[in-house]
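> Note that the protein sequences, when read in sequence, are chains A and B.
The first sequence begins at 1 in full-length UniProt numbering and counts up one residue at a time.
The second sequence begins at 1 in full-length UniProt numbering and counts up one residue at a time.
Yeah, the Cβ is synthetic: ideal placement off N, Cα and C, and Gly gets one too.
Here the structure is a predicted model, which is why all the values come from computation and not from measurement.
Would you mind keeping the following structure in view while I ask a few things?
There are 2 protein chains.
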Amino acid sequence: MDIRPESLIFDQDGEGTRQHRIKRQVIDGILSGRFKPGDKMPSSRGLARQLGVSRITVTIAYTDLVADDYLVARGRSGYFVSDSAPSAPSLVQACQNGESIVDWTRLMSHREPPPEEIARPFDWHSFPYPFIYGQTDPQLFDHRNWRLCALEALGLREFESLTADHYERDDPKLVEYIQRNILPRRGIAARPNQILITMGAQNALWLCAQLLLTQRRKAVLENPGYPSLRQILGATRCHTQSVDVDADGLAPETLPDALDVLFTTVSHQCPTNATMPLARRKALLSLAAERGFVVVEDEYEFELAFGRTATPSLKSFDTHGTVIYVGSFSKSLFPGLRLGFMVAPHPFIAEARRLRGTVLRHPPGLIQRTTANFLSRGHFDAQINRMRKAYEVRRRAMETAIAETGLQVASQPANGGSSLWMRAPDGVDTDLLARRLRSKGVVIEPGAAFFDPTRPQRNFYRLAYSSIEVARIPQGIRLIAAALADLD
Amino acid sequence: MDIRPESLIFDQDGEGTRQHRIKRQVIDGILSGRFKPGDKMPSSRGLARQLGVSRITVTIAYTDLVADDYLVARGRSGYFVSDSAPSAPSLVQACQNGESIVDWTRLMSHREPPPEEIARPFDWHSFPYPFIYGQTDPQLFDHRNWRLCALEALGLREFESLTADHYERDDPKLVEYIQRNILPRRGIAARPNQILITMGAQNALWLCAQLLLTQRRKAVLENPGYPSLRQILGATRCHTQSVDVDADGLAPETLPDALDVLFTTVSHQCPTNATMPLARRKALLSLAAERGFVVVEDEYEFELAFGRTATPSLKSFDTHGTVIYVGSFSKSLFPGLRLGFMVAPHPFIAEARRLRGTVLRHPPGLIQRTTANFLSRGHFDAQINRMRKAYEVRRRAMETAIAETGLQVASQPANGGSSLWMRAPDGVDTDLLARRLRSKGVVIEPGAAFFDPTRPQRNFYRLAYSSIEVARIPQGIRLIAAALADLD
């Protein structure tokens with residue numbers, strides 16, 4: 001059959017170059033079965049006229065399609081659909097509407113219902129006052145060097161680290177950098193077999209919960225605390241107890257007598273940002289040794305302390321090997337990277353590696369090697385430095401504006417971080433506040449999701465300054481104060 | 001303190017440019033605490049002499065370090081370590097030897113013991129005759145275009161898709177391509193909310209097992225079958241029963257009366273490569289509807305059928321919505337990518353998305369967008385075409401060499417694929433065979449791990465031709481035949 005030039009519709013505003021769009025049209029025609037092996041393509045002159053492009057453009061597209069074996073050239077007769085072109089089987093498309101006789105709800109009734117989540121608009125970056133937490137600021141991220149490091153990881157010399165099935169291994173270059181440069185800053189000495197790379201801190205916490213908790217065991221978590229942790233623990237059906245934190249974070253003396261695993265955010269309590277003092281840290285470790293529980297320390301943004309000396313990690317005092325340390329690159333690089341790590345005694349890491357292998361094998365090679373390059377070239381340190389300085393300036397602007405408007409900071413964070421934990425007057429529902437503020441262009445995070453659902457508190461909220469321009473802060477804070485005054 | 005030029009050791013064979021190596025030395029010195037804020041750096045002249053590099057090289061390195069705030073320049077006095085340079089806290093490094101008072105073995109005793117795994121040497125690519133399965137052939141992979149697609153995904157215009165926390169969302173561009181181009185070739189029509197992107201097929205199968213199986217439910221799997229599936233099912237503690245496959249794959253009439261979930265590899269049975277005939281597929285679906293079980297169809301290498309028409313997927317006949325379809329890019333792109341997908345009725349996909357969110361949030365943005373680019377530019381189709389042709393040639397060489405040496409193919413695969421399932425004489429242990437062959441430069445995969453451990457069979461093995469050069473095949477096969485003759 002001769003394919004008519006009119007069979008190829010040219011999307012003038014389409015994506016890619018003209019050649020590319022012509023190629024795409026031909027490929028789609030072949031794959032959809034409209035063009036069949038042996039069919040004759042329009043002449044380059046005819047198609048060029050039809051599409052309003054130059055003849056050479058069509059010829060280049062055809063030549064590319066021959067190289068990829070969609071077409072064959074037969075001398076002066078022109079171009080034909082190749083006999084070995086890929087094709088789609090011509091099938092009845094059965095499962096059109098996804099109707100199903102299976103009672104999926106009953107079948108999955110053993111699953112926990114979803115807990116409350118932090119309400120965030122997906123289009124937060126189109127808001128002028130985004131006090132949103134944990135996202136990447138294009139002004140601070142060293143995109144150029146990240147790209148160069150990725151390019152290197154994509155090089156032919158790295159073919160193996162890019163493509164291979166690593167089963168349960170991690171990128172040795174990344175592990176070495178973490179071991180030699182990141183952990184020492186937190187006072188942690190570890191051997192490579194005590195380190196596991198994970199798909200972000202979320203994945204590390206999930207692995208800990210799966211390995212250490214059962215229906216007969218008890219986990220203690222902080223209140224308020226990291227909302228996803230509740231979801232992670234729910235999946236194990238373990239007993240959970242939440243313990244209220246104070247201005248110094250978790251108080252060891254408030255822990256229940258019997259527990260198996262404690263999850264704690266020592267350096268920057270999530271969400272209050274409280275830093276646990278040294279005496280409490282030591283008391284906590286003594287208690288863990290005495291009562292025989294494991295401590296999972298989630299250090300989700302240690303790098304962002306403003307001062308010169310970050311407080312040492314809990315793990316750095318862990319003489320009894322009871323602490324599992326969880327770190328993340330989500331805050332210091334970007335959350336879409338999905339990369340974190342954990343440090344623990346080898347028997348635990350070995351089992352965690354095996355479970356990770358069952359669930360997903362390993363984090364993608366490209367992601368691991370790119371990160372290793374970025375770290376080892378010194379870009380990571382420079383970036384943290386840059387973020388720390390910018391955050392310090394923004395934090396000062398936050399504090400000034402808050403003081404001027406009379407908003408109330410719920411707990412005064414000691415050092416660094418990227419957010420403030422705020423308290424609205426009693427009786428204010430910050431979900432409602434957040435919804436009202438969106439119409440004014442302000443994004444805040446209502447705090448209900450951070451609390452134990454059996455003891456709800458609805459008048460807290462989080463204000464992050466990791467994604468908002470410093471110049472916008474005063475007006476953003478004023479809008480929040482005005483909205484609160486309206487609600488009162 | 002003045003830092004002496006001798007404090008900087010220059011690794012002549014080190015990685016990166018000279019400037020980079022100087023920078024690295026300075027950064028390491030600062031981070032390790034050897035160089036302290038206010039310390040004076042060696043003069044550029046002195047350091048250049050010490051390191052045997054030009055003075056301009058040192059000056060450029062210093063200037064970069066100033067930009068990154070490791071150093072400050074003080075006019076004619078020279079360069080000093082910056083007061084706000086990042087630093088390591090000076091801590092006692094406590095957990096030196098990973099000694100632990102925790103009885104990790106007891107603590108994790110609720111975990112299943114590890115099953116047998118396929119023995120593969122990690123350095124398989126240094127063997128001249130690697131009949132190894134599922135790895136990437138640098139000769140066939142379109143590395144150049146992959147790199148260009150990644151570069152595009154790393155562009156500033158894609159900042160959001162690269163860096164953002166997508167929570168439970170997938171890359172819409174990738175989902176759209178799968179929906180519009182990949183699934184139709186398998187006869188499957190699906191809406192975007194019936195598709196979930198996973199960390200490879202492994203992750204998809206794991207999600208299915210977690211969501212559909214409990215201690216009170218029963219899963220049926222094929223024997224021999226995919227070894228990792230046993231590990232995945234073990235984690236759910238469900239009842240399992242394995243059903244022997246024959247030359248046409250799974251026979252529906254051999255299924256037990258009561259079952260909840262069937263895992264099957266319909267198009268290319270793993271590891272026998274048998275293709276299930278149409279009549280069996282239809283009988284299987286009738287049975288699923290009648291007895292009320294769910295079928296998980298793992299199509300792990302459908303793209304690699306040699307003939308023009310690939311057999312339609314089981315899912316394409318699924319009028320009752322009982323089939324969950326699992327696809328993977330591990331074979332057609334590369335396994336280190338860790339990308340796959342599943343297609344199922346929306347209620348199941350919604351719950352799978354939520355579980356994936358708890359475990360790891362989402363596959364990294366860079367990986368998803370790069371793949372979407374590679375697919376939508378037509379490189380994927382071209383690559384599959386190239387692989388298919390190369391595999392067909394290699395397969396013919398395999399069959400010729402096997403016929404000449406009298407080796408026995410256990411089941412004659414119908415169409416395509418990348419491996420042959422082989423049977424050694426009764427009494428031969430292919431683990432031993434594999435070990436002996438390694439010393440001859442030959443890698444084969446012993447078959448024991450594919451069998452139900454309660455009914456072990458030790459005389460099977462898998463020979464893949466996805467990573468071996470065609471010219472090496474005849475001699476590789478001869479070496480296997482010789483080793484078998486020795487063992488007999």
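Buried or exposed: which applies to F122 of chain A, given that a residue is buried once 16 or more other Cβ atoms fall within 10 Å of its Cβ?
Classification for F122 of chain A: exposed.
> For R280 of chain A and chain B, any beta-carbon pair shorter than 8 angstroms?
By this cut-off, R280 of chain A is not an interface position.
> By the DSSP assignment, the alpha helix (DSSP H) with H320 of chain B in it spans what residues?
Element bounds for H320 of chain B: n/a, residue is neither H nor E.
> Using a Cβ-Cβ cut-off of 8 angstroms, state whether P114 of chain A counts as contacting chain B.
Yes, P114 of chain A lies at the interface with chain B (some Cβ there is under 8 angstroms from its Cβ).
> Which of helix, strand or coil does DSSP assign to Y325 of chain B?
Strand, per DSSP.
> Just the C-alpha distance for S126 of chain A and I132 of chain A, rounded to the nearest angstrom, thanks.
Cα to Cα, the separation comes out at about 12 angstroms.
> Below 9 angstroms between beta carbons is the criterion; list the residues of the segment 108–136 of chain A that meet it against any residue of chain B, in chain order.
Per Cβ criterion, the list reads M108, H110, R111, P114, E117, R120, F122, H125, G134, Q135 and T136.
> Of the residues A:A382, A:S44, A:R458 and A:Q412, which one's Cα is nearest the Cα of K23 of chain B?
Measuring from the Cα of K23 of chain B, the nearest candidate turns out to be A:A382.
> Do you know offhand how far R472 of chain A's Cα is from T163 of chain B's?
Cα to Cα, R472 of chain A sits roughly 23 angstroms from T163 of chain B.
> For C149 of chain A and L314 of chain B, I'd like the C-alpha separation in whole angstroms.
Going from the Cα of C149 of chain A to the Cα of L314 of chain B covers about 43 angstroms.
> Are the beta-carbon atoms belonging to Q194 of chain B and V326 of chain B less than 8 angstroms from one another?
No; because the gap between Cβ atoms is not below 8 angstroms, this pair is not in contact.
> Among residues of its own chain, excluding the 5 on either side of A485 of chain B, which ones have a beta-carbon nearer than 8 angstroms to its beta-carbon?
Around A485 of chain B: no qualifying Cβ.
> Beta-carbon of A336 of chain A versus every beta-carbon of chain B: anything under 8 angstroms?
The question names Ala, but residue 336 of chain A in the sequence shown is Gly. With 8 angstroms as the cut-off, G336 of chain A counts as an interface residue toward chain B.
> Give a yes or no on whether 8 angstroms exceeds the smallest Cβ distance from S7 of chain B to chain A.
Closer than 8 angstroms: no.
> Any Cβ of chain B within less than 8 angstroms of the Cβ of W206 of chain A?
With 8 angstroms as the cut-off, W206 of chain A counts as an interface residue toward chain B.
> Under 8 angstroms between beta-carbons, which chain A residues line up against E351 of chain B? List them in chain order, please.
Under the 8 angstroms cutoff, chain A gives W104, M108 and R111.
> Roughly how many angstroms separate the alpha carbons of V243 of chain A and S418 of chain A, rounded to a whole number?
Distance between the alpha carbons of V243 of chain A and S418 of chain A is about 24 angstroms.
> From V81 of chain A to F141 of chain B, what does the alpha carbon distance come to, in whole angstroms?
The alpha-carbon atoms of V81 of chain A and F141 of chain B are separated by roughly 23 angstroms.
> With 8 angstroms set as the bound, which would you pick, yes or no: does the beta-carbon of A485 of chain B sit closer than that to a beta-carbon of chain A?
A485 of chain B does not count as touching chain A.
> Pull up the DSSP beta-bridge partners for E297 of chain A, would you.
Paired residues: A:T264 and A:Y325.
> Less than 6 angstroms between C-beta atoms, sequence neighbours within five positions excluded: which residues of the same chain meet that for M199 of chain A?
Cβ neighbours of M199 of chain A beyond the five flanking positions: R338 and P363.
> Quick check on the burial criterion: 16 or more other C-beta atoms within 10 angstroms. Buried or exposed for S58 of chain B?
At residue 58 of chain B the sequence reads Val, which differs from the Ser that was named. When all chains shown are included, V58 of chain B counts as buried.
> Ends of the alpha helix (DSSP H) at E176 of chain A?
First-last of the alpha helix (DSSP H) with E176 of chain A: P172 to Y177.
> Any residues in the segment 352–369 of chain A with a beta carbon nearer than 9 angstroms to a beta carbon of chain B? Which ones, in chain order?
Hits within the stretch, in order: R354, L355, G357, T358, V359, L360, R361, H362, P363, P364, G365, L366 and I367.
> To the nearest angstrom, report how far apart R280 of chain B and T265 of chain A are at their CA atoms.
Their backbone Cα atoms lie some 56 angstroms apart in a straight line.
> Buried or exposed: where does G427 of chain B fall if 16 or more other Cβ atoms within 10 Å of its Cβ makes it buried?
When all chains shown are included, G427 of chain B counts as exposed.
> If we count Cβ pairs, one from each stretch, closer than 8 angstroms, do we get three or more for the segment 36–47 of chain A versus the segment 68–80 of chain A?
As far as the Cβ criterion goes, the segment 36–47 of chain A touches the segment 68–80 of chain A, which means the pair count is three or higher.
> Kindly indicate if chain C contains any beta-carbon less than 8 angstroms away from that of V294 of chain A.
Looking for chain C here will not work: the only protein chains present are A and B.
> Alpha carbon to alpha carbon, how far is A372 of chain B from A482 of chain A?
Each residue's alpha carbon lies about 45 angstroms from the other.
> Between D165 of chain A and chain B, is the shortest Cβ-Cβ distance under 8 angstroms, so that the two count as touching?
For D165 of chain A, the answer is yes, since a Cβ of chain B falls inside 8 angstroms of its Cβ.
> Label G52 of chain A either buried or exposed according to how many other C-beta atoms from any shown protein chain fall within 10 Å of its C-beta, with 16 as the threshold for buried.
Looking at its Cβ environment, which holds fewer than 16 other Cβ atoms inside 10 Å, G52 of chain A is exposed.
> Three or more C-beta pairs under 8 angstroms: does that hold for the segment 318–325 of chain A against the segment 344–354 of chain A?
Yes: the two stretches touch, three or more of their Cβ pairs being nearer than 8 angstroms.
> Only counting the same chain, and skipping five residues up and downstream in sequence, which positions put a Cβ closer than 8 angstroms to that of T412 of chain B?
Going by the sequence as given, residue 412 of chain B is Gln instead of Thr. Within the same chain, Q412 of chain B has close Cβ partners A247.
> If we cut at 8 angstroms on Cβ distances, does Q139 of chain B have a partner in chain A?
Judged by the 8 angstroms Cβ criterion, Q139 of chain B is not in contact with chain A.
> For K36 of chain B, which three-state DSSP category applies?
Of the three classes helix, strand and coil, the one that applies to K36 of chain B here is coil, per DSSP.
> Can you name the start and end residues of the beta strand (DSSP E) that S419 of chain B belongs to?
From DSSP, the beta strand (DSSP E) with S419 of chain B extends over S419 to R423.
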